[in-house]
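Residue numbers (the UniProt record's numbering): 1 to 732.
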């Protein structure tokens with residue numbers, strides 16, 4: 001959960017049992033108490049097509065860009081900054097309350113309300129500042145929150161943007177052919193008797209009132225002078241047939257040159273909620289696809305005067321779907337199939353894999369609302385149960401489909417991958433967890449979806465067959481917190497009974513995620529502090545050492561109740577076993593990403609043994625095993641050492657202009673181990689090796705005052721370094 005800001009209040013430990021298990025939450029959720037007041041990736045703006053290269057833009061980043069352009073630096077622009085940030089907060093609360101609308105409309109409404117509440121007259125200082133800021137709003141689009149409708153809205157928006165681009169390319173190509181074919185027929189018509197008759201000449205030149213022009217005589221002169229090389233009747237018929245097919249195509253709406261078709265059907269609908277309906281529509285439309293494709297191919301040959309009847313007539317006589325090329329199919333719209341686990345029948349979801357395997361031009365969204373499934377072994381009829389977390393992983397085995405899995409909370413961070421998937425010239429699957437789980441009450445979908453990724457229950461990844469020939473190029477797992485760890489670790493700050501501040505590093509595991517679900521809370525119970533014993537072990541440690549002799553009942557996670565009181569929540573064998581399966585699935589994904597690959601480790605071990613055997617055979621004493629020196633414990637850099645203005649800029653190390661920090665929490669929400677606050681609540685880099693270069697770059701991009709400088713990558717093997725270095729360049 002990297003994107004929402006941390007709350008400032010700490011949970012206090014009280015020696016009291018909670019009112020009920022259904023009110024317990026993971027302890028780290030204390031940081032997200034008032035989500036509507038925190039700046040994060042939502043509300044999200046679905047940017048209108050043609051307003052920049054991005055499909056999605058968080059409202060907070062739009063506001064930051066506006067303030068950089070509109071507000072004067074220093075104290076002179078502080079009033080405008082505060083007013084615009086209040087307007088942003090008002091829009092955020094409006095969207096979180098369930099209202100939606102376009103950004104421009106929500107801005108005007110919020111500005112009018114603020115002016116009215118302030119008591120100022122229109123065009124006063126507040127109104128003028130908000131209007132001056134609004135003039136720097138250079139994009140627009142629908143504003144959405146993170147809820148049960150978010151996955152479908154985002155994917156549909158990206159799909160429509162792709163179809164609009166296709167439509168422009170389609171119309172440009174088709175209309176050019178229509179105009180050129182029309183010119184060929186017009187030129188041929190000008191050689192006909194009808195074109196040189198008295199009536200045609202009078203119509204073309206206009207009736208003269210005094211009768212000074214003898215159109216009959218003029219027609220006779222032109223008739224004797226006209227050439228005789230008319231087009232063959234077969235070619236004229238062929239061109240007219242192609243023209244009608246191009247003008248009356250049902251795939252996209254008509255353009256300027258293709259509106260003169262009295263038989264034009266309504267354009268096809270390409271959005272479906274059933275795979276069966278999509279496949280039936282594909283089969284029903286296939287004759288029209290073949291007819292249009294033949295007509296377009298004929299038209300292209302005719303305008304270049306390259307059509308040879310003796311060669312091409314037999315080819316087009318037996319033209320069928322096997323002759324369709326990828327380029328021809330890519331010119332036409334692709335179908336969007338929106339499925340929802342728990343609503344769509346599981347048989348339909350299974351059919352989606354059949355359609356993807358066939359390579360049909362389809363984009364499939366599978367929205368997942370429930371990751372854990374019911375506690376009974378058999379899944380419900382309209383669900384894969386706990387198997388929904390493996391839907392995208394299964395699709396990677398098809399090899400020909402683009403696959404993206406993401407939580408709703410991370411859709412903006414995966415926007416580039418979303419666009420790549422839409423532009424992929426083959427089938428694509430998008431599997432997205434909404435966070436709107438009915439059995440989890442009192443947790444915002446944004447927080448729950450981010451927690452699913454944090455707990456490795458629903459990792460973010462992409463599989464792009466067009467990215468390269470090997471798995472290292474195709475598979476990307478980098479958009480996950482602390483990738484190389486089994487479970488991400490965070491520092492929990494809290495107060496003990498005496499009011500003393502305490503810190504504890506805890507891992508966020510599958511068990512933390514499971515205790516949110518009302519169905520699984522019967523497999524755990526809360527223990528107040530007076531019931532804690534030395535035999536208790538954190539679940540993450542218990543999973544790492546399952547045979548340490550402790551009873552499974554001693555495995556616990558930290559939880560809080562609605563009053564932010566801290567408890568140990570003991571989980572039983574069912575949750576522990578599910579956590580082990582989750583951890584195993586995560587490790588298999590890590591292997592696909594090249595991290596701790598078992599094949600590579602086995603080869604290294606074999607090579608080491610072979611080398612030692614060769615040394616023994618040669619009579620040489622084998623080199624003693626080199627024991628790596630223990631890595632010194634990470635020492636937190638004193639704040640004073642990092643509060644610099646520029647001396648670190650030349651050595652490649654990341655650094656922060658600490659003195660300018662505004663305590664916005666944008667960096668600590670990315671990685672609380674890498675970024676810390678000093679005693680003045682200003683940020684510094686505590687440990688540059690506690691995270692990835694991607695996190696440094698994303699923190700720099702999210703910083704409101706641009707004081708984070710990522711420096712150079714510390715791990716040369718980190719994925720996508722070229723792209724990250726380019727993104728880091730403005731913050732050097």
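We treat Cβ as the ideally placed atom computed from N, Cα and C, and that holds for glycine.
Nonlocal neighbours in the same chain, by C-beta distance under 6 angstroms from residue i, ignoring five residues either side
{"i": "residue 164", "result": "49"}
{"i": "residue 463", "result": "396, 403, 474, 475"}
{"i": "residue 118", "result": "126"}
{"i": "residue 607", "result": "none"}
{"i": "residue 647", "result": "Confidence at residue 647 is low in this model, with a pLDDT of 40, below 50, so the placement of that residue should be treated as unreliable; the coordinate-derived value is given next. Result list for residue 647: empty, nothing under 6 angstroms."}
{"i": "residue 703", "result": "666"}
{"i": "residue 74", "result": "none"}
Distance CB(residue i)-CB(residue j) smaller than 9 angstroms
{"i": "residue 579", "j": "residue 485", "result": "no"}
{"i": "residue 90", "j": "residue 142", "result": "no"}
{"i": "residue 671", "j": "residue 478", "result": "no"}
{"i": "residue 363", "j": "residue 465", "result": "no"}
{"i": "residue 133", "j": "residue 66", "result": "yes"}
{"i": "residue 137", "j": "residue 107", "result": "yes"}
{"i": "residue 414", "j": "residue 159", "result": "no"}
{"i": "residue 455", "j": "residue 582", "result": "yes"}
{"i": "residue 560", "j": "residue 24", "result": "yes"}
{"i": "residue 252", "j": "residue 170", "result": "yes"}
{"i": "residue 418", "j": "residue 154", "result": "yes"}
{"i": "residue 355", "j": "residue 279", "result": "yes"}
{"i": "residue 554", "j": "residue 533", "result": "yes"}
{"i": "residue 56", "j": "residue 47", "result": "yes"}
{"i": "residue 316", "j": "residue 298", "result": "yes"}
Limits of the alpha helix (DSSP H) - the one that residue i falls within
{"i": "residue 297", "result": "275-303"}
{"i": "residue 701", "result": "693-702"}
{"i": "residue 555", "result": "It is not in any alpha helix (DSSP H) - residue 555 instead sits in the beta strand (DSSP E) that spans 555-560."}
{"i": "residue 241", "result": "233-247"}
{"i": "residue 91", "result": "78-96"}
{"i": "residue 421", "result": "415-423"}
{"i": "residue 106", "result": "103-118"}
{"i": "residue 543", "result": "539-544"}
{"i": "residue 725", "result": "721-728"}
{"i": "residue 582", "result": "573-592"}
{"i": "residue 75", "result": "First-last for residue 75: undefined, no H or E at that position."}
Per DSSP, cross-strand counterpart(s) of residue i
{"i": "residue 431", "result": "366, 405"}
{"i": "residue 611", "result": "BP columns for residue 611 are empty, so no partner."}
{"i": "residue 476", "result": "462"}
{"i": "residue 504", "result": "492"}
{"i": "residue 372", "result": "Residue 372 is not bridged to any residue."}
{"i": "residue 272", "result": "337"}
{"i": "residue 344", "result": "341"}
{"i": "residue 32", "result": "According to DSSP, residue 32 bridges with nothing at all."}
{"i": "residue 709", "result": "655"}
{"i": "residue 142", "result": "46, 102"}
{"i": "residue 352", "result": "In the DSSP output, where bridge partners are listed per residue, residue 352 has none listed."}
{"i": "residue 684", "result": "676"}
Residues near residue i by beta carbon distance below 8 angstroms, same chain, minus five either side
{"i": "residue 715", "result": "692, 693"}
{"i": "residue 645", "result": "Here residue 645 scores only 39 on pLDDT, less than 50, and its place in the model should not be relied on; the value that follows carries that caveat. Only 657, 659 meet the Cβ criterion."}
{"i": "residue 424", "result": "402, 464, 465, 466"}
Residue i: CB within 8 angstroms of a non-hydrogen atom of the ligand NAP
{"i": "residue 392", "result": "This structure lacks the ligand NAP; in fact it carries no ligand of any kind."}
Span of the beta strand (DSSP E), counted from its first residue to its last, around residue i
{"i": "residue 306", "result": "From DSSP, residue 306 is part of no beta strand (DSSP E); its letter is neither H nor E."}
{"i": "residue 493", "result": "489-495"}
{"i": "residue 46", "result": "44-47"}
{"i": "residue 66", "result": "That residue, residue 66, is in no beta strand (DSSP E); its alpha helix (DSSP H) goes 59-70."}
Contacts around residue i, its chain only, beta-carbon distance under 7 angstroms, and the 5 residues preceding and following it disregarded
{"i": "residue 592", "result": "471, 475"}
{"i": "residue 732", "result": "709"}
{"i": "residue 265", "result": "250"}
{"i": "residue 681", "result": "663"}
{"i": "residue 597", "result": "591"}
{"i": "residue 6", "result": "For residue 6, the predicted model reports a pLDDT of 32, less than 50, meaning its position is unreliable; a value from the coordinates is still stated below. So the list reads 31, 665, 668, 669, once near-sequence residues are dropped."}
ask   = How about the segment 273-284 and the segment 328-345: do they share at least three Cβ pairs that are nearer than 8 angstroms?
value = Output reads yes: the segment 328-345 touches the segment 273-284.
Item to complete: Inspect the CB distances between the segment 52-66 and the segment 527-534 and report whether three or more fall short of 8 angstroms.
Response: The way I'd put it, the segment 52-66 doesn't touch the segment 527-534; fewer than three beta-carbon pairs between them come closer than 8 angstroms.
message: Can you confirm whether the segment 485-495 touches the segment 429-447 when touching is taken to mean that 3 or more C-beta pairs between the two stretches lie within less than 8 angstroms?
response: The count of Cβ pairs closer than 8 angstroms, one atom from the segment 429-447 and one from the segment 485-495, stays below three, leaving the stretches out of contact.
Flag this pair as touching only if the segment 502-516 and the segment 531-546 have three or more C-beta atom pairs under 8 angstroms; answer yes or no.
Result yes; three or more Cβ-Cβ pairs closer than 8 angstroms.
### Query
How do the segment 425-443 and the segment 143-154 stand: do at least 3 beta-carbon pairs fall below 8 angstroms, yes or no?
In short, these stretches touch, since the Cβ pair count reaches three.
- Taking three-plus beta-carbon pairs below 8 angstroms as touching, is the segment 175-183 in contact with the segment 241-253? The segment 175-183 vs the segment 241-253: in contact.
message: Does the segment 497-511 come into contact with the segment 564-579, if we say contact requires no fewer than three beta-carbon pairs (one atom in each stretch) closer than 8 angstroms?
response: With a cut-off of 8 angstroms, the segment 564-579 and the segment 497-511 count as touching, because enough Cβ pairs lie within range.
- Contact between the segment 347-363 and the segment 300-316 (3+ Cβ pairs under 8 angstroms): The segment 347-363, when compared against the segment 300-316, does not touch it at the 8 angstroms Cβ threshold.
Cβ contact check for the segment 608-618 and the segment 490-505: 3 or more pairs under 8 angstroms: By the criterion of at least three beta-carbon pairs nearer than 8 angstroms, the segment 608-618 is not in contact with the segment 490-505.
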